[in-house]
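Residue numbers (our numbering): 7 to 307. Presented below is the structure to which this report refers.
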């Protein structure tokens, strides 16, 4: 599979401060790649170098086969940008704004189709200044995709979206990927990254501290929990011995962290079946990308 982004040894210094420190990764054609990290981790500086806004201090970058800092009009015609913030003229309508940006590209989508894609089909004639924060963010996205880009940069695109709007936006991104658009996404929503991204890289203090699929990172970093409600007549010691699981009592809940969730759950259920015990509120909680993120970005005391 061809790469649309290749980064090797990327470093960016501002005076004595190193914002990005020896970062390397690849984004393959047709995938959604997530770049995650706390505020100040170096995500935005990295993306700005990929977009050609910042020149690296050290390292090599290729985006669609071109050094972004030397990208010409033909190269820019192939990418789309959704920045963290935009400031459009408040007196222009939504359709006028998107039409203006469509004119910068050689093969744009129709304004109507673009607005339908981002959920603004009924706002085409509304002035920008009268939109809500979430609707203005959708205009940002419309401007980013109107040129039918091969590669789309999305910098925290769903900030200000309500949960329903965020889910609709995810469906739109999955549709773009299905049409062959490659996407680099930065987000603070771990659920978003876990749902959308084929692979993720987590940055901390300018470095990539973890990279892979969400599933592989979760498998390497997290353990699964089994929990159920505590009742007075439950022989917890006998249960622990029969299921070969070490339990802890936390208030009204009994919890165990296990490395082999399937085998542990089977032993637990077999013991309950043999002894006629019913565990109220039994649930298996798999770690999430949130747990991975917190663990790999945790600063030492």
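Even for Gly, the Cβ is constructed at its ideal location relative to N, Cα and C.
Sequence-distant residues of the same chain with beta carbon closer than 6 Å to residue i, five excluded per side
{"i": "residue 248", "result": "277"}
{"i": "residue 219", "result": "205"}
{"i": "residue 92", "result": "146"}
{"i": "residue 313", "result": "Any question about residue 313 goes unanswered here, given that the chain covers just 7 to 307."}
{"i": "residue 207", "result": "31, 41, 214 and 217"}
{"i": "residue 69", "result": "11 and 56"}
{"i": "residue 115", "result": "152 and 154"}
{"i": "residue 187", "result": "158"}
Straight-line Cα distance separating residue j from residue i
{"i": "residue 298", "j": "residue 200", "result": "11 Å"}
{"i": "residue 37", "j": "residue 180", "result": "10 Å"}
{"i": "residue 51", "j": "residue 264", "result": "39 Å"}
{"i": "residue 172", "j": "residue 39", "result": "18 Å"}
{"i": "residue 306", "j": "residue 194", "result": "Caution is warranted here: a pLDDT of 45 is assigned to residue 306, below 50, making its placement in the model unreliable, and no coordinate value can be reported."}
{"i": "residue 24", "j": "residue 275", "result": "53 Å"}
{"i": "residue 285", "j": "residue 301", "result": "31 Å"}
{"i": "residue 161", "j": "residue 280", "result": "54 Å"}
{"i": "residue 88", "j": "residue 22", "result": "30 Å"}
{"i": "residue 230", "j": "residue 266", "result": "8 Å"}
{"i": "residue 129", "j": "residue 44", "result": "34 Å"}
{"i": "residue 253", "j": "residue 177", "result": "41 Å"}
{"i": "residue 4", "j": "residue 183", "result": "Past the edges of the chain, shown from 7 to 307, lies residue 4, and the structure says nothing about it."}
{"i": "residue 232", "j": "residue 288", "result": "7 Å"}
{"i": "residue 75", "j": "residue 81", "result": "11 Å"}
{"i": "residue 202", "j": "residue 135", "result": "31 Å"}
{"i": "residue 107", "j": "residue 268", "result": "53 Å"}
{"i": "residue 238", "j": "residue 260", "result": "12 Å"}
{"i": "residue 109", "j": "residue 94", "result": "16 Å"}
{"i": "residue 273", "j": "residue 250", "result": "7 Å"}
{"i": "residue 296", "j": "residue 196", "result": "6 Å"}
{"i": "residue 72", "j": "residue 189", "result": "17 Å"}
In DSSP terms, what residue i is bridged to
{"i": "residue 152", "result": "None, per the DSSP bridge assignment."}
{"i": "residue 16", "result": "29"}
{"i": "residue 263", "result": "231"}
{"i": "residue 216", "result": "208"}
{"i": "residue 291", "result": "231"}
{"i": "residue 39", "result": "190 and 205"}
{"i": "residue 66", "result": "14"}
{"i": "residue 143", "result": "Bridge partners of residue 143: none, in fact."}
{"i": "residue 23", "result": "20"}
{"i": "residue 34", "result": "9"}
{"i": "residue 87", "result": "159"}
Sequence-distant residues of the same chain with beta carbon closer than 7 Å to residue i, five excluded per side
{"i": "residue 62", "result": "16, 17, 18 and 55"}
{"i": "residue 113", "result": "154"}
{"i": "residue 167", "result": "140, 143 and 175"}
{"i": "residue 100", "result": "121, 126, 129, 130, 132, 134 and 145"}
Residues near residue i in its chain [Cβ-Cβ closer than 8 Å; skip 5 each side]
{"i": "residue 104", "result": "117, 120, 121, 145, 148, 149 and 152"}
{"i": "residue 258", "result": "235 and 236"}
{"i": "residue 8", "result": "34 and 35"}
{"i": "residue 303", "result": "43, 44, 47, 208, 210 and 215"}
{"i": "residue 111", "result": "83, 152, 153 and 154"}
Three-state secondary structure (DSSP) of residue i
{"i": "residue 237", "result": "coil"}
{"i": "residue 222", "result": "helix"}
{"i": "residue 185", "result": "coil"}
{"i": "residue 254", "result": "strand"}
{"i": "residue 280", "result": "helix"}
{"i": "residue 112", "result": "coil"}
{"i": "residue 99", "result": "strand"}
{"i": "residue 158", "result": "strand"}
{"i": "residue 72", "result": "strand"}
Assumed close pair residue i, residue j - CB separation to whole angstroms, cut-off 8 Å
{"i": "residue 271", "j": "residue 255", "result": "No, residue 271 and residue 255 are not in contact; Cβ-Cβ is about 19 Å, not under 8 Å."}
{"i": "residue 84", "j": "residue 157", "result": "7 Å"}
{"i": "residue 29", "j": "residue 192", "result": "No, residue 29 and residue 192 are not in contact; Cβ-Cβ is about 14 Å, not under 8 Å."}
{"i": "residue 124", "j": "residue 67", "result": "29 Å between Cβ atoms; not a contact."}
{"i": "residue 77", "j": "residue 58", "result": "5 Å"}
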